[in-house]
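Undergrad: Can you keep this structure in mind? I'll have questions shortly.
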Amino acid sequence: MKILVVGSGGREHALVWALSRSGDHSLICAPGNPGIAEIAKLFPVKVSDIDGLVNLAAHEKVDLVIVGPEVPLVAGLADELRRKGIPCFGPGAAGARLEGSKWFAKEIMESAGVPTACGKVFSDLASAREYIGEDACKYVIKADGLAAGKGVFLPDDSVEACGILEELFAGKFGESGVQVVVEERLLGREVSILAICSGEECVILPPSRDHKRLGDADTGPNTGGMGAVCPPPGTDNCSWEHARTRIILPVLSELASRGIDFRGVLYAGLMITDDGPKVLEFNVRFGDPETQAVLPLVLDDLGEIFLSAATGGPLPEHLTVEDGFCSCAVMASGGYPGTYEKGFPITGLDKIEDAVVFHAGTAIENGRLVTGGGRVLSVACIGDTLEGSLDRTYRELDKIDFKGKFYRKDIGRTV
Ligand code: AMP
Ligand code: GLY
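Residues in the sequence shown are numbered from 0 upward in steps of one, following numbering that gives the first Met the number 0.
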């Protein structure tokens with residue numbers, strides 16, 4: 000099968016790598032990165048160029064398009080591909096609203112009876128401020144629309160909450176700031192569930208946990224994710240079948256009742272509270288870096304499964320998953336998620352023996368591999384135990400060097 004993967008991060012490298020393991024697919028990627036270039040042919044089309052991507056898929060006569068990031072999905076890439084008869088693993092714009100609007104996601108959950116934090120939507124500053132009052136630390140403030148992972152705030156006090164609300168209503172995220180969701184703050188352990196969906200059917204990938212804060216012991220600003228482990232520790236008595244039947248399937252059926260045929264990944268960010276799992280957010284794509292920790296454990300030919308989902312076909316009841324654990328640590332440029340310098344040579348990749356290294360912010364300059372973004376690489380290792388996989392990940396990661404490299408040292412070790 001000929002497959003186009005859209006995107007250029009560690010998640011897309013992991014997808015292309017997992018598809019390449021079956022050996023039966025011809026893989027192309029747009030725009031890709033230097034790591035992906037080793038296993039797929041790259042085409043320099045941006046993820047925001049919907050017409051360019053549709054033309055590429057048609058010109059290359061691909062059998063399937065897999066979309067990594069949310070932006071082209073919200074912009075309707077999957078709809079355009081389907082209009083041309085090209086199967087796409089990724090929902091159309093109507094389904095992508097689950098990620099594109101936090102309030103739409105809340106409405107769907109309410110109609111479907113899915114447990115989530117109680118929330119209210121506001122379109123003016125004064126009402127939001129009054130609602131929060133002096134109890135800011137009981138609430139979470141969220142920009143309603145896409146904000147590249149930067150639109151969620153957990154204020155410590157009402158002064159901080161007011162500042163956040165003022166910025167959001169002043170248009171910090173453009174249109175995203177026009178509506179603001181204020182919701183109850185939940186306590187517990189976080190788990191990411193990724194479900195492969197074909198209309199009203201789904202099969203879930205092994206659960207994982209992402210570490211979003213920049214610093215060890217969950218300190219510092221939120222980032223796109225500094226590492227992930229699969230399966231997550233401390234959740235031995237959680238039933239993932241429960242997540243499938245009580246969260247994913249009801250949402251798919253609610254969407255279907257509104258005429259939305261969801262084909263792609265539904266990602267539920269869960270908080271495992273004392274009252275059971277509750278949904279923090281939905282994404283309509285694979286998580287990054289969760290994908291880098293999940294896919295190394297999955298043994299099926301995902302190409303066939305994604306194609307079946309993309310065409311509304313049947314899904315297997317279960318996936319074939321290796322016993323053991325996989326952990327992944329992200330190596331970032333010093334200064335990320337704020338400003339950072341680029342162009343530093345990356346060394347040591349030739350010494351890696353035991354890990355898969357997924358590229359994200361890398362580039363080739365004068366024939367050398369250099370840093371080209373904030374999230375540079377992620378290093379993933381499997382082990383029989385979580386500790387074993389973590390030891391191996393950090394041992395291999397230590398072999399890689401670039402100026403200003405930064406990574407969390409407690410992935411999988413803090414909850
Ligand atoms: P989101 O992008 O909605 O997943 O939010 C980013 C992070 O903010 C989550 O991974 C949680 O750590 C935190 N968060 C979001 N919503 C809540 C909530 N209702 N209660 C507690 N923490 C939350
Ligand atoms: N790791 C969080 C996300 O992909 O949204």
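C-beta: ideal position from N, C-alpha, C; glycine also.
1. Would you grab the beta carbon distance between ASP156 and VAL180 for me? Rounded to a whole angstrom, and I think it's under 8 Å.
2. Tell me whether ASN365, by its Cβ, gets closer than 7 Å to a heavy atom of the ligand GLY.
3. With a threshold of 7 Å on Cβ separation, who are the neighbours of LYS60 within its own chain once the five nearest residues in sequence on each side are excluded?
4. Any idea if GLU11 is buried or exposed, counting beta-carbon neighbours within 10 angstroms, 16 or more meaning buried?
5. Scan the stretch 215-247 and note each continuous alpha helix (DSSP H) run of 4 residues or more that stays entirely inside, going in chain order.
6. Determine whether the beta carbon atoms of ILE410 and PRO295 lie at a separation below 8 Å.
7. With H, G and I counted as helix, E and B as strand and the rest as coil, what does DSSP make of GLY31?
8. Compare the C-beta of GLY311 with all C-beta atoms of chain B and state if any pair is closer than 8 Å.
9. Thinking C-alpha only, which one of GLU253, HIS58, VAL53, GLY84 is nearest PRO71?
10. Please work out which residues of its chain come closer than 8 Å, Cβ to Cβ, to LEU306, disregarding the five sequence neighbours upstream and downstream, and give them in chain order.
11. Going residue by residue through the stretch 91-158, where are the continuous alpha helix (DSSP H) segments of at least 4 residues, counting only ones entirely within it?
12. May I ask which residues mark the beginning and end of the alpha helix (DSSP H) holding LEU76?
13. How many angstroms separate the CA atom of VAL378 from the CA atom of ALA104?
14. Can you list, in chain order, the residues of its chain with a C-beta nearer than 8 Å to that of ASP353? Leave out the 5 residues immediately preceding and following it.
15. Would you be able to state if there are at least three C-beta pairs under 8 Å between the stretch 313-323 and the stretch 44-53?
16. Give me the residue from ILE203, ALA39, LEU76, ALA29 with the minimum Cα distance to ASP23.
17. Where does ALA57 land, buried or exposed, given buried means 16+ other C-beta within 10 angstroms?
TA: Taking the structure as given:
1. Contact flag wrong, Cβ pair sits at about 20 Å.
2. No, Cβ of ASN365 sits at least 7 Å from all heavy atoms of the ligand GLY.
3. Taken in chain order, the residues that qualify are LYS1.
4. Counting Cβ neighbours within 10 Å, GLU11 comes out buried, since at least 16 surround it.
5. Counting whole runs of 4 or more residues, the stretch 215-247 contains the alpha helix (DSSP H) stretches 239-242.
6. In this structure, ILE410 lies away from PRO295, with their beta-carbon atoms at least 8 Å apart.
7. Coil at GLY31, not helix or strand.
8. In summary, chain B is missing from the structure at hand, where a single protein chain is found.
9. Residue VAL53 is the option with its Cα nearest to PRO71.
10. Within the same chain, LEU306 has close Cβ partners MET0, ASP62, LEU63, PRO86, PHE88, GLY312.
11. For the stretch 91-158, whole alpha helix (DSSP H) runs of length 4 or above, ordered along the chain, are 92-99, 101-111, 124-131.
12. Segment 76-82, the alpha helix (DSSP H) holding LEU76.
13. Straight-line Cα distance between these residues: approximately 33 Å.
14. Contacts found: CYS380, ARG391, ARG394, GLU395.
15. Short answer: they don't touch.
16. Out of ILE203, ALA39, LEU76, ALA29, ALA39 has the C-alpha closest to the C-alpha of ASP23.
17. ALA57 is exposed by the Cβ-count criterion.
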